Structure formats: structure tokens, C-alpha cells
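**Student:** Numbering (our numbering), first residue to last: 1 to 405.
Here a beta-carbon is modelled for each residue, glycine too, at the ideal position from N, C-alpha and C.
Since the structure is predicted, the reported quantities are computational estimates derived from the model, not experimental observations.
Handing you a structure now.
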């Protein structure tokens with residue numbers, strides 16, 4: 001049975017908006033904007049609903065700042081109200097795109113993610129090398145300033161083409177009163193063509209941007225180009241924008257062992273010369289069709305025995321290690337939470353405890369797949385403040401922590 005946008009009537013839209021609100025606050029409930037919105041949230045959601053229905057919805061100002069860990073990065077934080085709209089759009093259109101994405105696109109997708117991508121690349125290498133008994137090579141490439149270089153018009157055309165196709169397939173060529181795809185497109189246009197740099201609130205000082213490459217700043221992006229990193233819609237749009245590229249590599253070039261996570265992609269092949277030859281083909285496709293460029297300093301082509309860095313790990317024959325930077329990031333998170341607990345007189349609210357749990361288990365969940373038992377044990381028993389044990393206990397061989405009742 002074909003998919004269709006379930007957008008039946010005004011009551012349904014209001015229900016969907018409430019669901020989007022619950023989704024948006026899931027990991028943001030303790031932020032200032034989320035707490036402000038939660039005060040009289042029903043009235044605020046109804047006002048937002050009326051603005052959407054009447055096509056008078058306007059996006060709020062973004063807050064722009066620089067983070068330095070794990071790497072220096074420019075952040076445009078959307079207002080919580082706009083995050084609700086991001087989730088509304090995502091809930092409506094993501095099921096359509098899930099049907100056309102290749103299996104080996106790993107970012108921001110259910111049942112995918114970094115662990116799945118690492119397993120797939122390990123599988124590619126094992127399969128192509130016949131379990132390490134014959135030569136094969138790994139080509140790893142990176143797109144320069146990906147989110148800052150995406151063309152908004154090209155993206156919108158791709159979204160519109162796909163949704164119109166599904167709409168036509170579902171309706172036999174016609175629309176009826178229960179199906180307001182125009183309103184969906186209205187919201188998508190609002191997000192896609194919004195320039196977050198206009199009237200943004202800048203936090204920090206000018207020197208924060210001093211060492212940031214221009215290719216990583218929206219302030220330096222060309223006209224009608226670029227999306228803020230981190231927004232839910234930006235992550236979905238990132239997959240949509242490169243979907244045709246994914247299919248080109250898999251089906252036109254016939255690269256069976258191909259996978260991509262956002263702007264990092266890998267191809268495993270028996271023939272090193274073939275991999276060398278397709279770099280130019282891929283460069284031409286990206287430039288001519290998508291306005292993107294390969295990062296010249298991040299081209300990696302090596303025999304599988306040399307290993308490859310991918311998604312926070314080093315993949316080598318018969319083993320996968322986590323990278324030192326990943327370990328360092330985990331230590332930094334431990335330090336942050338130790339300091340947080342100390343500043344709050346060793347007390348955590350229920351929500352804060354849940355946030356701590358989610359943060360720790362995201363690292364432990366990734367690390368448990370690799371040879372890290374002693375490392376996990378060391379970090380939790382030697383580095384974590386003893387006062388956390390009032391709130392948590394260790395389960396499953398240091399692979400996760402659980403809140404006490």
C-alpha cells in the first residue's frame with residue numbers, strides 16, 4: 001500500500017502539532033526556551049496552529065555561537081517554537097524519503113547511525129577481501145563545507161519532485177479536500193529558504209570565529225546556500241540532497257561496497273586503479289549537479305591492511321578500535337558532569353539525571369561493540385564522581401548505567 005501524508009483535517013493538524021511538541025521537548029526539556037514554552041504551552045501551540053493554517057507563520061531569530069569541543073563549529077540554535085515546526089515537517093515527510101534512501105546512508109535514520117555504519121564498513125572489507133585473503137582497497141572521501149554549500153533551490157526541487165510523485169501515485173493524479181499538500185510545501189519553503197544569519201543573536205566575541213574556516217560558516221556561504229548544522233530538518237535535508245549521488249555510485253557506477261554518513265563516504269573495491277579513476281567522476285558529479293566540492297586534503301586511499309578511520313573508530317583486519325579523540329570526548333563529558341554535580345551541591349533533578357544517563361549511555365552503547373571493557377571499567381570506576389552512585393548503578397559489564405528507583 002503506498003504511503004500518503006496523513007493530513008486529514010484541522011483537528012488532525014492540531015494533534016500532529018502536539019505530537020511534534022512532545023518530540024521536540026524530549027531532549028530539550030530543561031533548556032530555557034523549552035521551559036518558557038511549557039508555560040501555557042497549549043495556548044502557544046494553538047496560536048502556532050492558527051499561524052500555520054492561515055499561512056502567517058514566521059520564524060524567530062536564531063542564536064549563533066561557536067563551540068570548540070569536540071571540534072570548532074558554528075551553531076545556529078533555532079527557537080524552540082521553530083523546532084516544533086521542524087519536527088512537524090519531519091514527521092510528515094520522512095517516511096516518504098525513507099523509502100528511496102539507500103540502505104547504506106547512515107545518518108539521522110532509525111535503526112542506522114554510527115554503529116550500523118561501522119559494522120557495514122567492516123562487512124564491506126571482509127566481503128571484498130574474502131575474509132582478508134585477497135587484496136582490496138578503501139577510498140574515503142569528504143565533501144568540503146557540506147552544510148554550508150548546499151543550494152536551497154536544488155534541495156527544494158528535489159523535495160518537491162519526490163513528494164509530488166508520491167502524491168500523484170496515491171491519488172491517481174488528483175487531490176481532494178482531505179489532502180493539503182500545499183500547506184506541507186508552504187512549511188517546507190519557510191524552512192528551506194530561511195536565512196538564519198539575518199537578525200540572528202550572536203553570543204560570544206568576534207575572536208571566536210577567528211580560526212573557523214570560511215567553508216564552515218553560514219556568514220560566508222553564497223547567496224541562497226547553506227543550512228544550520230544540528231536542526232532536525234537540516235539532517236534530513238542532508239540525506240535528501242545526496243540521495244541521487246548515492247544511487248549514482250551504487251547503481252550507475254556499480255560500487256557494491258559504498259556507504260555514507262553525512263558528508264563522509266567510503267568505497268571498498270578490489271582495484272586500486274579503478275578507485276583512483278572514479279575520484280574525478282565523483283568530483284565532476286558533485287560540482288556540476290550539486291554545487292559541491294571534494295575536500296582535497298581528506299582523500300584517503302589505502303590497502304585494507306592499513307586500516308581506516310571511520311565514525312570515531314579505526315577499522316583494521318579482525319578488530320575495531322575506538323579513536324583516541326572519541327576517548328578524549330568521553331573524558332570531557334565525564335569532567336563536565338562531575339563539575340555540574342559539584343556546582344549543584346551534589347544534587348540532581350530527575351530530568352538532569354535522565355540527561356546524564358542519556359549522555360553516558362550514548363558513549364557506552366557505542367563502545368560496547370569494541371574491545372573496550374577495561375576502558376569502560378576504568379572510566380566509570382576511577383573518573384566518575386562517587387556522588388553519582390547515589391543515583392545510578394552499573395549494568396551489563398559496564399556497557400550501560402541505570403537510574404536507581
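1. Rounded to the nearest angstrom, what separates residue 24 and residue 130 at their Cα positions?
2. Give the DSSP-derived three-state secondary structure of residue 313 in the structure shown.
3. Between residue 332 and the rest of its own chain, which residues show a CB-CB distance below 7 Å, the 5 nearest in sequence each way excluded?
4. What separation, rounded to the nearest whole angstrom, lies between the Cα atoms of residue 248 and residue 403?
5. What are the boundary residues of the alpha helix (DSSP H) that residue 89 is part of?
6. Since residue 77 is in the beta strand (DSSP E), which residue starts that stretch and which ends it?
7. CB-CB under 8 Å to residue 379, same chain, minus the five flanking residues each way: which ones, in chain order?
8. Per DSSP, residue 225 is paired with what?
9. Does the structure place the stretch 259-270 close enough to the stretch 121-130 that three or more beta carbon pairs sit under 8 Å?
10. With distances taken between CB atoms, is the gap from residue 258 to residue 250 smaller than 9 Å?
11. To the nearest angstrom, how far is the alpha carbon of residue 76 from that of residue 210?
12. What does residue 65 pair with, by DSSP beta-bridge criteria?
13. Measure the CB-CB distance between residue 91 and residue 142 and report whether it falls below 9 Å.
14. Go to residue 260, then tell me how far its beta strand (DSSP E) extends in each direction, as first and last residue.
15. So residue 140 is in the beta strand (DSSP E); what residue range does that whole segment cover?
16. Distance check for residue 234 and residue 147, CA to CA, integer angstroms please.
17. Buried or exposed: which applies to residue 373, given that a residue is buried once 16 or more other Cβ atoms fall within 10 Å of its Cβ?
18. Nearest by alpha-carbon distance to residue 138: which of 338, 384, 314 is it?
19. With distance defined between alpha-carbon atoms, name the residue in 49, 302, 105 nearest to residue 245.
20. Is the distance from the Cβ of residue 293 to the Cβ of residue 301 below 9 Å?
21. I need the DSSP call for residue 302, collapsed to helix, strand or coil.
22. Whose C-alpha, out of 32, 47, 54, 375, is nearest the C-alpha of residue 184?
23. Give the secondary structure of residue 205 by DSSP, where H, G and I count as helix, E and B as strand, and everything else as coil.
24. Can you tell me which of 351, 320, 42, 224 puts its alpha carbon nearest to the alpha carbon of residue 26?
25. Using only alpha-carbon positions, find the residue among 195, 19, 72 that is nearest to residue 153.
26. Would you identify the three-state DSSP class for residue 339, choosing helix, strand or coil?
27. Nearest-angstrom Cα distance between residue 354 and residue 236?
28. Does the stretch 277-286 come close enough to the stretch 308-326 that 3 or more CB-CB pairs lie under 8 Å?
29. Does the stretch 83-101 come close enough to the stretch 217-233 that 3 or more CB-CB pairs lie under 8 Å?
30. Excluding the 5 residues preceding and the 5 following residue 400 in the sequence, name in chain order all residues of the same chain whose CB lies nearer than 7 Å to its CB.
31. Quick one: what's got a C-beta closer than 8 Å to residue 28's C-beta in the same chain, skipping five residues either side?
32. Determine which residues share a DSSP beta bridge with residue 385 and list them.
33. Could you tell me the boundaries of the beta strand (DSSP E) in which residue 393 lies?
34. For residue 183, which residues does DSSP report across the bridge?
**Tutor:** So, to answer that:
1. So the alpha carbons of these two residues sit roughly 45 Å apart.
2. Secondary structure of residue 313 (DSSP, three-state): strand.
3. Excluding positions up to five away in sequence, the list reads 69.
4. Taking the straight line joining both Cα atoms gives about 47 Å.
5. Run containing residue 89: 80-98, per the alpha helix (DSSP H) assignment.
6. Element bounds for residue 77: 73-77.
7. Around residue 379: 330, 331, 334.
8. In the DSSP output, where bridge partners are listed per residue, residue 225 has 151.
9. A contact between stretches requires three or more CB pairs, one per stretch, nearer than 8 Å, and the stretch 121-130 meets this requirement with the stretch 259-270.
10. Closer than 9 Å, so yes.
11. Here the C-alpha atom of residue 76 lies approximately 17 Å from the C-alpha atom of residue 210.
12. For residue 65, which the question treats as bridged, DSSP gives the partners 75.
13. No. Outside cutoff.
14. If you look at residue 260, you'll find it in the beta strand (DSSP E) that goes 258-261.
15. Where residue 140 is concerned, the enclosing beta strand (DSSP E) stretches over 137-142.
16. A direct Cα-Cα distance of roughly 8 Å separates residue 147 from residue 234.
17. A residue is called buried once 16 or more other Cβ atoms fall within 10 Å of its Cβ, and residue 373, having fewer, is exposed.
18. The shortest Cα separation from residue 138 among 338, 384, 314 belongs to 314.
19. Minimum Cα distance to residue 245 is reached at 105.
20. Against a cut-off of 9 Å, the Cβ pair of residue 301 and residue 293 comes out as no contact.
21. In the structure shown, residue 302 sits in a strand (DSSP, three-state: E or B).
22. Between residue 184 and the set 32, 47, 54, 375, the nearest pair of CA atoms involves 54.
23. Residue 205: coil per DSSP, three-state reduction.
24. For residue 26, the nearest C-alpha among the options comes from 351.
25. Comparing Cα positions, the closest option is 195.
26. Reduced to three states, the DSSP call for residue 339 is helix.
27. Near 26 Å, if we compare the C-alpha coordinates of residue 236 and residue 354.
28. With the rule of 3 Cβ pairs closer than 8 Å, the stretch 308-326 does not count as touching the stretch 277-286.
29. Yes: at least three Cβ pairs fall under 8 Å.
30. Excluding residues within five positions, the ones whose Cβ falls inside 7 Å are 361, 364, 365.
31. Cβ-Cβ distances below 8 Å link residue 28 to 34, 80, 83 in the same chain, with the five nearest sequence neighbours on each side left out; the list follows chain order.
32. For residue 385, which the question treats as bridged, DSSP gives no partner whatsoever.
33. Per DSSP, residue 393 belongs to the beta strand (DSSP E) from 392-395.
34. In the DSSP assignment, residue 183 is bridged to no other residue.
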